[in-house]
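Each residue of the sequence shown is one higher than the one before, counting from 26 in my numbering.
Remarks on the structure that follows.
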Amino acid sequence: MAVADNHVDREKPKVRLLNDPKFRAMIFQGLLLALIAWVVWGMVSNAAHNLQKAGIASGFGFLKQSTGFGLNFSPFVDYTEISSYFTVYLVGLQNTLILAVIGVFFATVIGFVVGVSRLSSNWVIAKMAYVYVEVMRNIPLLLQIFIWYKGVLATLPGKRHSLDWGVFGQLNAAGLFAPKPVYAAGAMSVMWAVLAAVVITWAINRWATKRQMETGQRFPVFWTGLGLMLFLPVLAYFMFNQPISLEYPVQGNFGPKGGMQIIPEFIALILALSIYTAAFIAEIVRAGILAVNKGQTEASYALGLGPGQTLRLNVIPQALRVIIPPLTSQYLNLTKNSSLAVAIAYPDLTAVFAGTALNQVGQAIEILLMTMLTYLGISLITSMFMNWYNARSSLIER
């Protein structure tokens with residue numbers, strides 16, 4: 026008797042949705058988001074109710090109102106007492122960005138020099154760099170700002186007895202009166218020449234990098250770029266009848282006249298922020314260099330490279346992958362530390378918008394929200410740029 030094979034189709038066991046880890050995770054995340062939204066809505070509703078009960082206006086209509094107060098420093102944004110509060114916001118943002126950009130530049134230069142000096146074979150230079158780092162990073166930043174502002178700049182001669190710095194201008198207790206650029210017709214052509222030199226240098230650098238990777242031959246990109254940066258703007262400058270000139274300050278009966286004034290608050294903040302942050306950057310640079318295997322240095326010496334070439338062409342490029350992440354944090358710290366400018370009345374975003382403007386209109390929520398979002402935006406943009414640069418600097422295997 027033939028036995029037929031009975032194929033019994035077994036049904037797969039059904040899994041309840043509540044037992045599915047993915048479904049449960051989605052449920053819990055949805056509940057958490059709903060809870061956060063409910064809390065935020067409750068806070069906003071409560072704040073709106075309390076503001077209405079206290080008779081305090083809300084909204085951003087105040088940004089169109091006239092301020093009625095003056096500011097002593099606004100290099101690029103035109104500002105008068107009848108300007109709007111939005112203009113005050115722009116002036117504060119401008120002054121904060123100027124302080125951050127210049128501070129980052131000087132802090133980076135000083136930090137790299139001191140960091141490399143700490144590893145110098147010269148005992149005196151190494152110990153001087155060590156003392157600098159230990160002293161500057163252990164003195165509070167606010168105290169350093171006061172030292173530069175009250176202990177150094179405030180002790181300079183008065184306006185009638187300015188220190189003559191020649192082509193750099195005149196220095197006194199009211200600040201640095203520096204030469205002021207005066208632009209005539211054709212000045213934009215010089216600016217375009219500078220931009221063209223930058224673009225051409227960038228293109229040459231890309232070509233030289235590709236050429237070196239394929240043939241091993243190096244091209245003098247630095248000297249070529251430097252020549253372009255000098256030749257093209259100078260050529261445009263003389264072709265358009267010297268459209269840019271300098272107005273030098275001259276000593277008058279009551280102080281220097283002409284030129285442009287750089288207020289002492291700005292100078293004190295640049296010095297304090299740069300010197301303080303550079304001490305931390307120096308340690309980051311030193312750690313990055315030490316993270317590179319010593320065999321790399323020995324191999325460079327074996328190939329006939331000198332100490333300077335070894336550091337510039339071999340060690341530093343490899344150390345950047347260690348240096349850049351903590352360096353980003355220092356850039357962000359410097360930008361946020363610039364808000365200490367309010368201590369010496371420098372008109373940055375915190376001082377003039379979250380300070381003076383807030384006291385005038387009394388709309389704390391709107392002004393503080395704009396201020397916080399501005400600092401957050403600056404930090405995120407800085408982080409994005411540094412992360413992009415870090416990705417470009419990472420080692421790529423061939």
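Using N, Cα and C, we set each Cβ at its ideal position, and we do this for glycine too.
Fair warning: this is a prediction, and the values are worked out from it, not measured in the lab.
Item: Cβ-based burial, R311 [other Cβ within 10 Å; buried from 16]; Value: buried
Item: Own chain partners of V340 with C-beta closer than 7 Å, once the 5 adjacent residues on each side are dropped; Value: I314, V317, Q321 and T322
Item: Endpoints, the beta strand (DSSP E) within which Y208 is located; Value: K205 to Y208
Item: Run of the beta strand (DSSP E) containing P281, from where it starts to where it stops; Value: G280 to K282
Item: First and last residue of the uninterrupted beta strand (DSSP E) at N120; Value: N120 -> not in any beta strand (DSSP E); alpha helix (DSSP H) instead, spanning Y110 to S142.
Item: Extent of the continuous beta strand (DSSP E) to which S270 belongs; Value: I269 to E272
Item: N-terminal and C-terminal residue of the beta strand (DSSP E) that V275 is part of; Value: V275 to G277
Item: Burial state of R143 (16 or more Cβ within 10 Å); Value: buried
Item: Identity of the residue in T112, M411, P100 and N75 nearest N120 by Cα; Value: P100
Item: Opening and closing residue of the beta strand (DSSP E) in which L196 lies; Value: Q195 to N197
Item: Nearest to L298 (by Cα), restricted to the options V126, Q286 and A59; Value: V126
Item: Residue environment, S83, which counts as buried when at least 16 other CB atoms sit within 10 Å; Value: exposed
Item: Nearest-angstrom beta carbon gap, F291 and Y414 [assumed within contact, 8 Å]; Value: Y414 to F291, Cβ: 28 Å. No contact.
Item: Opposing strand residues paired with G200 [DSSP bridges]; Value: N197
Item: S83 in three-state terms, based on DSSP; Value: coil
Item: Anticipated Cβ contact below 8 Å, I295 with G128, distance rounded; Value: 6 Å
Item: Cβ shell of F53 (< 7 Å), same chain only, five flanking positions each side left out; Value: none
Item: Nonlocal neighbours in the same chain, by C-beta distance under 6 Å from M285, ignoring five residues either side; Value: A203 and K205
Item: Beta-bridge partners of Q286, as assigned by DSSP; Value: F202
Item: Between the CA atoms of M51 and N44 - distance to the nearest angstrom; Value: 12 Å
Item: Whole-angstrom C-beta distance between Y208 and A442, which should lie under 8 Å; Value: Residue 442 lies beyond the residue range present for the chain, which begins at 26 and ends at 423; the question has no answer from this structure.
Item: Minimum C-alpha distance to Y301 - residue among V138, Q90, V158 and G86; Value: V158
Item: Contact the stretch 274-282 vs the stretch 190-203: 3+ CB pairs below 8 Å; Value: yes
Item: Which of helix, strand or coil DSSP assigns to S146; Value: coil
Item: Whole-Å CB distance - G283 paired with R185, under 8 Å assumed; Value: Wrong, their Cβ atoms sit about 16 Å apart, outside the cutoff.
Item: Exposed unless 16 or more other CB atoms sit within 10 angstroms - verdict on G67; Value: exposed
Item: 8 Å contact criterion, which A303 and I123 should meet: CB distance rounded; Value: The pair is not a contact, with the Cβ atoms about 18 Å apart (cut-off 8 Å).
Item: V33, buried or exposed, once every other Cβ within 10 Å from all chains shown has been counted against 16; Value: Low confidence applies to V33: its pLDDT is 49, below 50, so where it sits in the model is not reliable enough to give any reading.
Item: Nearest neighbour of R162, chosen from Y174, A132 and I390 [CA to CA]; Value: A132
Item: Same chain, Cβ closer than 6 Å to Q169, neighbours up to 5 away in sequence not counted; Value: A297 and Y301
Item: Classification of Q90 by the beta-carbon crowding that lies within 10 angstroms, buried from 16 upward; Value: exposed
Item: Cross-strand partners of S418 (DSSP beta bridge); Value: DSSP lists no partner for S418.
Item: Close-in-space but distant-in-sequence residues of the same chain around F87 (CB under 8 Å, 5 per side omitted); Value: Y110, V386, Q388 and E391
Item: Burial state of T180, where buried means 16 or more other Cβ atoms lie within 10 Å; Value: exposed
Item: Counterpart residues of S99 in DSSP-defined beta bridges; Value: The partner list for S99 (beta bridge, DSSP) is empty, contrary to what the question assumes.
Item: Where M26 falls: helix, strand or coil (DSSP); Value: Any reading at M26 must be qualified, since the residue scores a pLDDT of 44, below 50, and its modelled position is unreliable; no value is offered.
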